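Asker:
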């Protein structure tokens with residue numbers, strides 16, 4: 001859905017109210033409110049997008065710890081973790097992040113560039129890519145096209161239509 005209104009009528013305030021759960025929203029509904037650009041860091045654009053997938057990262061770390069264990073219980077737990085990682089599409093995580101970044105105008109070389117080397121507009125695109133990567137139940141975007149060119153706007157519209 002879209003929200004349209006005159007400047008100063010409270011659109012951003014309404015989005016913040018929803019994001020902060022100041023109105024009743026069921027706990028199982030996850031919310032991602034895109035409000036600011038990605039902070040500058042030494043991580044690449046691709047790493048910045050992939051790091052938002054906390055469950056995958058946690059499970060991969062746990063699997064790494066359990067893989068050397070010969071304990072039957074640990075091996076059973078490891079198989080459960082592998083099953084969950086497969087359900088999450090963990091083997092496609094990097095490709096998914098690259099697809100989103102490409103849609104937002106990043107070349108492969110740009111995906112490997114450090115976040116701190118991008119302008120604020122490009123870091124905003126990285127933040128938008130993170131939001132799209134997570135695919136929350138409720139995605140709140142306040143003027144998401146401000147930093148996008150026409151090709152990226154068209155791509156974003158297509159992605160949101162599939163949401």
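Numbering (full-length UniProt numbering), first residue to last: 1 to 163. Here a beta-carbon is modelled for each residue, glycine too, at the ideal position from N, C-alpha and C. This one's a predicted model, so the numbers in the text were calculated from it and none came from an experiment.
(1) Excluding five sequence neighbours on each side, which residues of the same chain lie with their C-beta closer than 6 Å to the C-beta of residue 142?
(2) Over the uninterrupted alpha helix (DSSP H) stretch that includes residue 99, give me the two end residues.
(3) Is the segment 44 to 60 touching the segment 93 to 101 in the sense that three or more CB pairs, one from each, lie closer than 8 Å?
(4) By the DSSP assignment, the alpha helix (DSSP H) with residue 147 in it spans what residues?
(5) Are the segment 129 to 146 and the segment 25 to 39 in contact at 8 Å, needing three or more beta carbon pairs?
(6) Flag this pair as yes or no: are the beta carbons of residue 59 and residue 85 separated by less than 8 Å?
Answerer: On the basis of the data shown:
(1) Within the same chain, and ignoring the five residues on either side of residue 142 in sequence, the residues whose Cβ sits closer than 6 Å to its Cβ are 12 and 15.
(2) Boundaries of the alpha helix (DSSP H) around residue 99: 93 to 103.
(3) Judged by Cβ distances under 8 Å, the segment 93 to 101 makes contact with the segment 44 to 60, as three or more pairs qualify.
(4) Per DSSP, residue 147 belongs to no alpha helix (DSSP H) and is neither H nor E.
(5) With the cut-off at 8 Å, the segment 129 to 146 and the segment 25 to 39 touch.
(6) Contact flag set, yes.
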